[in-house]
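In the working numbering, the protein residues as written are 382 to 801.
Heads up: the structure comes next, in structure tokens.
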Amino acid sequence: MIIKNGNVVLETGVAKKDLLIENGKIVKIEDSIEVGANEVVDANGLYVFPGLIDMHVHLREPGFEHKEDIESGSKAAVKGGFTQICCMPNTDPVADNKVVVSYIKKRGEEVGLCKVRPIGAITKGLKGEFMADVGEMKKVGAVAISDDGKTVKNSRLMRLAMEYASGFDIKCLCHCEDAELVDGGVVHEGFNSTVAGLKGIQRAAEDIIIAREIALAESLDVPVHICHVSTYSGVRLIRDAKRAGVKVTAETCPHYFSLTDDVIRDFNTFTKVNPPIREDVDRDAIIAGLKDGTLDCIVTDHAPHHADDKNVEYNLASFGISGLETSFALAITNLYKTGVLSLNEIAERMSGAPAKILNLEGGKIVKGGVADLMIANLDEEWVVDGEKFLSKGKNTPFNGAKLCGVVKYTLVNGEIKYQA
Ligand code: DOR
Ligand code: ZN
Ligand code: ZN
382 MIIKNGNVVL
392 ETGVAKKDLL
402 IENGKIVKIE
412 DSIEVGANEV
422 VDANGLYVFP
432 GLIDMHVHLR
442 EPGFEHKEDI
452 ESGSKAAVKG
462 GFTQICCMPN
472 TDPVADNKVV
482 VSYIKKRGEE
492 VGLCKVRPIG
502 AITKGLKGEF
512 MADVGEMKKV
522 GAVAISDDGK
532 TVKNSRLMRL
542 AMEYASGFDI
552 KCLCHCEDAE
562 LVDGGVVHEG
572 FNSTVAGLKG
582 IQRAAEDIII
592 AREIALAESL
602 DVPVHICHVS
612 TYSGVRLIRD
622 AKRAGVKVTA
632 ETCPHYFSLT
642 DDVIRDFNTF
652 TKVNPPIRED
662 VDRDAIIAGL
672 KDGTLDCIVT
682 DHAPHHADDK
692 NVEYNLASFG
702 ISGLETSFAL
712 AITNLYKTGV
722 LSLNEIAERM
732 SGAPAKILNL
742 EGGKIVKGGV
752 ADLMIANLDE
762 EWVVDGEKFL
772 SKGKNTPFNG
782 AKLCGVVKYT
792 LVNGEIKYQA
């Protein structure tokens with residue numbers, strides 16, 4: 382296959398190049414390639430990115446297939462430009478052992494759209510009591526461990542988990558939330574929560590655990606990864622830790638760089654997410670953190686829910702946003718078109734960095750590299766309508782938003798898995 386005349390997003394910048402793909406690999410990147418090919422993709426006027434990698438999604442299978450399954454999640458992923466997705470273990474049964482982890486991996490391969498990489502649990506049943514078997518899960522394909530949805534409350538257990546994980550060369554991905562301090566809160570604590578009469582969640586509930594994970598990583602000299610950073614103060618903690626040489630990496634999500642908690646004022650439960658959408662100062666700090674690399678990557682925290690979980694009063698609704706089908710356009714609209722990030726910085730945050738953090742293939746367009754690619758039109762506008770999502774989760778706070786950036790093709794191992 383030849384991809385002709387595209388603006389190719391390389392690590393060094395954007396260049397007009399042709400790509401020759403053979404046996405799932407990029408074999409040539411040149412100004413003009415003229416050989417007979419079975420298939421020619423005309424990318425004139427389009428941009429060719431490394432296939433996006435989302436290191437934090439919830440696919441809900443096994444156990445909650447009414448919210449999402451590996452097939453519907455994979456369809457949403459390739460439509461969103463993702464060639465690899467890493468799925469959290471909060472399923473039923475929990476992915477805390479080799480049987481469930483290998484089931485998820487095998488099911489992902491059967492569906493055969495994007496690469497589905499399972500994340501194993503840190504503790505058995507996500508109960509925070511006993512450690513799951515990291516080595517056994519890694520052997521069958523777990524790419525990281527996490528109790529996402531919950532914090533491992535016991536600091537001693539967390540210390541052990543970080544030491545074990547480091548021994549197996551696998552990362553702990555930490556959901557940071559002091560449960561006692563959250564105390565049933567449903568939105569960010571501030572002016573808007575007061576006016577709405579909804580119970581708030583302070584920044585400190587997140588920051589205390591971010592600080593703990595950093596302290597553990599520093600004293601043990603092992604790596605740690607902080608999930609879905611939402612606070613300005615959390616960004617500051619991570620920036621300082623990185624400057625001091627702590628092996629900490631971190632992610633944020635499109636809703637934290639795109640929205641503020643004004644959106645809760647109409648009680649739309651699609652805005653309910655954990656951690657909560659916060660204020661201007663937080664959004665600005667998240668954007669600055671993405672710019673200076675304090676925040677290594679953008680993940681969706683794709684958390685699809687059934688209408689029955691959201692079509693209830695705000696206090697009772699499930700936390701989560703269905704994010705796979707809006708993430709790229711939100712990054713283009715709110716980070717690229719606004720001049721904050723260049724295209725190669727977007728590619729780094731959405732593909733290169735997650736590949737490095739989890740030691741995955743792909744993440745960049747290089748000769749000899751795997752042909753996991755995404756081709757997009759960056760000028761085409763569209764209006765978000767969650768009802769049209771391929772994900773079973775229609776829960777997006779971006780309904781009605783006009784965004785820039787449409788994924789035209791997604792290629793996995795050189796095969797077209799999605800075409801607009
Ligand atoms: O909003 C969220 N939804 N945050 C989490 O940490 C878990 C996730 C879910 O599984 O629905
Ligand atoms: Zn989480
Ligand atoms: Zn999550």
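Glycine included, C-beta positions come from ideal geometry on N, C-alpha and C.
For clarity, every value in this text was computed on a predicted model and none was experimentally measured.
Ligand 1 heavy atom lying under 6 Å from the CB of residue i
i, result
"Phe-445", "no"
"Ala-684", "yes"
"Phe-770", "no"
"Val-567", "no"
"His-439", "yes"
"Asn-655", "yes"
"Phe-807", "One cannot answer for residue 807 here, as it falls past the ends of the chain, which runs 382 to 801."
Heavy atom of ligand 2 within 6 Å of residue i beta-carbon
i, result
"Asp-529", "yes"
"His-556", "yes"
"Cys-608", "yes"
Residue i, buried or exposed, once every other Cβ within 10 Å from all chains shown has been counted against 16
i, result
"Ala-712", "buried"
"Gln-465", "buried"
"Asn-404", "exposed"
"Lys-783", "exposed"
"Arg-593", "buried"
"Gly-767", "buried"
"Ser-536", "exposed"
"Arg-646", "exposed"
"Thr-777", "buried"
"Gly-413", "According to the sequence displayed, residue 413 carries Ser and not Gly. Ser-413 comes out exposed."
"Pro-657", "buried"
"Lys-691", "buried"
"Glu-392", "exposed"
"Lys-519", "buried"
Residue i Cβ short of 6 Å to ligand 4 heavy atom set
i, result
"Asn-471", "Only ligand 1, ligand 2 and ligand 3 can be found as ligands here, which leaves ligand 4 out of the picture."
Helix, strand or coil at residue i according to DSSP, with G and I counted as helix
i, result
"Met-436", "strand"
"Ser-699", "coil"
"Met-469", "coil"
"Lys-482", "It should be noted that the sequence gives Val, not Lys, for residue 482. DSSP places Val-482 in helix when its eight states are reduced to three."
"Ile-526", "strand"
"Ile-500", "coil"
"Lys-737", "helix"
"Met-755", "strand"
"Phe-549", "coil"
"Asn-725", "helix"
"Leu-601", "helix"
"Asn-388", "strand"
"Ile-746", "coil"
"Gly-394", "strand"
"Val-662", "helix"
"Leu-676", "coil"
"Lys-460", "helix"
"Val-693", "coil"
"Ile-414", "coil"
"Ala-577", "helix"
"Gly-786", "strand"
Pair within 7 Å by beta-carbon distance, residue i and residue j
i, j, result
"Ala-757", "Lys-789", "yes"
"Thr-641", "Asp-661", "yes"
"Leu-494", "Val-438", "no"
"Leu-597", "Met-543", "yes"
"Met-382", "Ile-402", "yes"
"Leu-427", "Gly-387", "yes"
"Asp-525", "Leu-671", "According to the sequence as given, residue 525 is Ala; it is not Asp. For Ala-525 and Leu-671, no; Cβs fall outside 7 Å."
"Ala-631", "Val-610", "yes"
"Ala-591", "Thr-675", "According to the sequence shown, residue 591 is Ile rather than Ala. The answer is no: Cβ separation not under 7 Å."
"Val-563", "Ile-589", "no"
"Ile-668", "Phe-638", "yes"
"Pro-685", "Lys-448", "yes"
"Phe-770", "Glu-729", "no"
"Gly-733", "Gly-744", "yes"
"Asn-696", "Val-576", "no"
"Cys-482", "Phe-430", "The sequence shown places Val at residue 482, not Cys. Their beta carbons are not under 7 Å apart, which means Val-482 does not touch Phe-430 by this criterion."
"Leu-724", "Val-395", "yes"
Rounded distance between the beta-carbons of residue j and residue i, thought under 8 Å
i, j, result
"Asp-529", "Cys-608", "6 Å"
"Gly-786", "Ser-703", "Actually they do not touch by this definition, with Cβ atoms about 18 Å apart."
"Ser-527", "Pro-470", "7 Å"
"Ile-410", "Lys-748", "5 Å"
"Val-533", "Gly-509", "5 Å"
"Met-731", "Ile-797", "Between Ile-797 and Met-731 the Cβ distance is about 20 Å, and since that is not below 8 Å, they are no contact."
"Ala-546", "Cys-553", "5 Å"
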